[in-house]
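First up is the structure itself, then whatever we jot down about it.
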Amino acid sequence: MSRLRALAAGCAAALLVAGCATPVPPTETTPAGVAPNFWSGRFAVTYTEGGYQPREERSSGRFSLRADGERRALELSSPLGQTLAQVTLDAGEAVLVASDGREYRAPSGETLTEQVFGWRVPIGDLPRWLAGRVARPTQREEGRVVAGIDSGWSVRFEAFDGERPRRLSLDWPAEAGDGARRLELKLVVDSVARVAAGEPR
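The sequence shown begins at 34 in this note's numbering and counts up by one.
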């Protein structure tokens with residue numbers, strides 16, 4: 034296990050406990066009618082692999098995500114705020130900077146995060162899901178989409194704050210046979226904002 038993955042795994046217990054609690058409504062710093070492009074909150078990952086030598090890995094911590102057009106900037110940190118990694122996706126290239134300063138590159142964010150962490154992060158699709166949209170809705174409740182399939186992921190919106198998802202459960206792949214790899218990524222959104230281009234966050 035890499036140093037980065039080991040550090041991330043060591044943060045698991047704190048967030049898994051916190052993730053079971055009822056989250057408070059996210060802090061809103063976005064004017065009414067303006068779509069946010071910055072989200073922060075908590076994540077918890079469970080990765081399982083079947084076969085002759087089944088294994089399970091858990092990681093957790095905090096995240097912040099910013100979307101400017103097609104550019105994505107994701108930061109993952111421990112529950113105590115220690116930066117684990119910064120990932121940017123822009124112009125068809127993903128770059129990950131680890132806490133020790135080392136850089137890793139790949140054509141996509143999912144490929145890159147899987148190479149470094151051992152589990153993938155759908156960085157390119159997250160802004161759409163955090164806005165409550167999926168490519169193929171599969172379930173609606175009270176006229177609102179609560180589940181769907183998108184880019185090979187099963188997406189479920191488990192709680193809302195107004196019209197915006199507050200708690201999401203993401204499963205990859207959306208359909209898998211026995212013994213296959215499975216990834217469950219849970220997100221709890223604590224704050225949203227609209228950040229102008231070029232403005233630091």
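Each residue gets a CB set at the ideal place from its N, CA and C atoms; glycine is no exception.
No experiment lies behind these values; they were computed from the predicted model shown.
Below 8 Å, enough C-beta pairs join the region 154-166 and the region 98-114 to call them touching: three or more. A buried status is given to Glu-143, since no fewer than 16 other beta-carbon atoms sit within 10 Å of its beta-carbon. Residue range 197-205 is occupied by the beta strand (DSSP E) that includes Pro-198. Taking a 10 Å sphere around the C-beta of Val-67, we find fewer than 16 other C-beta atoms and assign the residue as exposed.
Sequence-distant partners of Glu-82 (beyond 5 residues in either direction) whose C-beta falls short of 6 Å from its own C-beta, in its chain, are Arg-88 and Arg-214.
Residue state for Trp-162 is assigned as helix, using DSSP reduced to three classes.
Each residue's CA atom was taken as its position, placing Ser-92 and Ala-207 some 20 Å apart.
Each residue's CA atom was taken as its position, placing Arg-227 and Arg-197 some 14 Å apart. Cβ-Cβ separation between Gly-74 and Val-222: approximately 4 Å, consistent with a contact (criterion under 8 Å). Linking Ala-131 to Arg-169 through their CA atoms gives a straight-line distance of about 34 Å. By the Cβ neighbour-count rule, Tyr-85 is exposed, with fewer than 16 other Cβ atoms within 10 Å of its own. Judged by DSSP secondary structure, Glu-90 falls within the beta strand (DSSP E) whose first and last residues are 88-101.
In this structure, Asp-204 sits near Leu-216, with a CB-CB distance shorter than 8 Å. When the Cα atoms are used, Ile-182 and Glu-175 turn out to be separated by approximately 19 Å.
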